[in-house]
Structures are given as structure tokens and as C-alpha cells.
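Each residue of the sequence shown is one higher than the last, beginning at 6 in my numbering. Beneath this line is the structure, given in C-alpha cells, with notes to follow.
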Amino acid sequence: MDETKLNSTITNNTTVNQHGDDITALKGGFTVSNAAGAKQDITLGGATKKNIKFEGEADKIDVAVAADGTDGAKVTVTANANLGQNIDISNNSTITNLDNRVTTNTSNITNNTSNITKLQGGFDLKAGSTTSNVALGGATPPTVEFLTADDTMTVGLSGTKVTYGIDKTKLVQNITGDVINQI
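Here it is in C-alpha cells:
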């Protein structure tokens, strides 16, 4: 074997030379960055493999890395089950404003609850010594009915106004009938 000829063939082989350039470029590696653009250089080649670690904040974000068939790895990022207990939202103005509105209205809520309870107690109607409660807040609204003792009186309802009247004709007939019966 002619060593000089072999070296010349290798040196002048464009395919071998191109692969050398490609390998050098690959050894240069790549960068990984966050949304703000802070970059971390990852070089390739050498005796040990470089590792890119995906890590979530403890008790807030979970990260799982698993094989994805023969294509490589799959990274899954999920909220940790304890996220709601461990997240600090004190600098979130939407949450802070909502908390302030609720805190400000606590006494209103308490007063409204008390007023509703009182209203559900209803009101009493009284005639002589008889009292009856009209309860409010049930599934159907209560009805209060206004009646007369006999047909000599009338009762009318216009909006919220109840009007009692006397039917003079019937009253006279009843009085006349009573007087005749007594005589």
C-alpha cells in the first residue's frame, strides 16, 4: 500500500473533507434559551454526553421526560397537584383587587344575610285576639285574602290598596228582615 497515495486520496476527497466540516460545525453545538432570550450554550462531541435538564419549581410545576418511540424523548410539563396551596399570588393585581372588594363588602354581605333572615320571618296579621303569620321566602309566595263576614259588605283591591264598602241595599234587606222576624 502506498501511504502517500492514500493520504493524498483522503486529503483531496471532497466527501471526506465535507464531513469533517460538518462534524466541526456539529461540535459547535446549539443554544437553549428562555422567552427573555437568556442563552445557554450546549456543545456536542467529546467523551461525555451533555444533559439538558427540564425542572419545574418544587410543589408547583411537574416535569416528566419519557421515551417517545424511536424518535427521542417527550417532555410533559403539568401543574403540580399542590399548586393552589403553594403559589404566591400576592403580586397579582386582579386577585388582590378581588380580595379587597370581598373584604370591603364583608359587612354588606353579613347585613344582607341578616336582612334576608328577618324577611323570611314574614309578618303577622291580627284581627281581635287572632294572630296569623305570613311567612316569606318559600317556594311560592303567600296569598293574603281579604273577605267580608257576609254579603252586606264589599271588598275591593286596586294595586296595593284594599277598600271595604257597604252594600246598602243588602244591608237594608237584612235589617228589615231581622226587624220583621223580631216583631
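Positions of the beta carbon are idealized from the N, C-alpha and C atoms, including for glycine. On a predicted model such as this, the values are computed, not experimentally measured, just so you know.
Using only the alpha-carbon positions, how far apart do S134 and T115 sit? Taking the first residue of the sequence shown as 1, we reach residue 134 at position 129. Taking the first residue of the sequence shown as 1, we reach residue 115 at position 110. Going by the C-alpha atoms only, they are around 36 Å apart.
At what residues does the beta strand (DSSP E) containing T81 begin and finish? For this step, residue 81 is matched to residue 76 along the sequence shown. 78–84 is the span of the beta strand (DSSP E), which, as asked, contains T81.
Answer yes or no: do D104 and T83 have a C-beta to C-beta separation smaller than 9 Å? The count along the sequence shown starts at 1 and reaches residue 104 at position 99. The count along the sequence shown starts at 1 and reaches residue 83 at position 78. Result no, Cβ atoms of D104 and T83 do not sit closer than 9 Å.
Can you give me the C-alpha to C-alpha distance between T118 and A144, rounded to a whole angstrom? Taking the first residue of the sequence shown as 1, we reach residue 118 at position 113. Taking the first residue of the sequence shown as 1, we reach residue 144 at position 139. T118 and A144: Cα-Cα distance of roughly 18 Å.
Provide the residue span of the alpha helix (DSSP H) that contains G89, from first to last. Counted from its first residue, the sequence shown places residue 89 at position 84. Counting along the chain, the alpha helix (DSSP H) containing G89 begins and ends at 88–91.
Considering Cα atoms alone, identify which of L162, D172, P147 is closest to D156. Stepping through the sequence shown from its first residue, residue 156 is reached at position 151. The option with the nearest alpha carbon to D156 is D172.
For A41, does the three-state DSSP call read helix, strand or coil? For the purposes of this step, residue 41 is taken as residue 36 along the sequence shown, with counting starting at 1. Reduced to three states, the DSSP call for A41 is coil.
Spatially closest choice to A52 from T111, T9, K32, by CA coordinates: The residue you call residue 52 lines up with position 47 of the sequence shown. The candidate whose alpha carbon is nearest that of A52 is K32.
C-alpha distance - K175 paired with L130, whole-angstrom precision: Residue 175 sits at position 170 when you count from the first residue of the sequence shown. Residue 130 sits at position 125 when you count from the first residue of the sequence shown. Those two C-alpha atoms are separated by around 29 Å.
Compute the Euclidean distance between the alpha carbons of N179 and M158, then round it to the nearest angstrom. As a position in the sequence shown, residue 179 is number 174, starting the count at 1. As a position in the sequence shown, residue 158 is number 153, starting the count at 1. Each residue's alpha carbon lies about 12 Å from the other.
Nearest residue (CA-CA) to F35, options T122, V139, I57: Here residue 35 is taken as the residue at index 30 of the sequence shown, counted from 1. For the residues T122, V139, I57, the minimum Cα distance to F35 belongs to I57.
Mind checking who N138 pairs with in its DSSP beta bridge? Numbered from its first residue, the sequence shown carries residue 138 at position 133. The bridge partners DSSP lists for N138 are D129.
On the DSSP letters alone, give me the boundaries of the alpha helix (DSSP H) that V107 sits inside. Position 102 of the sequence shown, counted from the start, is the residue given in the question as residue 107. Counting along the chain, the alpha helix (DSSP H) containing V107 begins and ends at 98–109.
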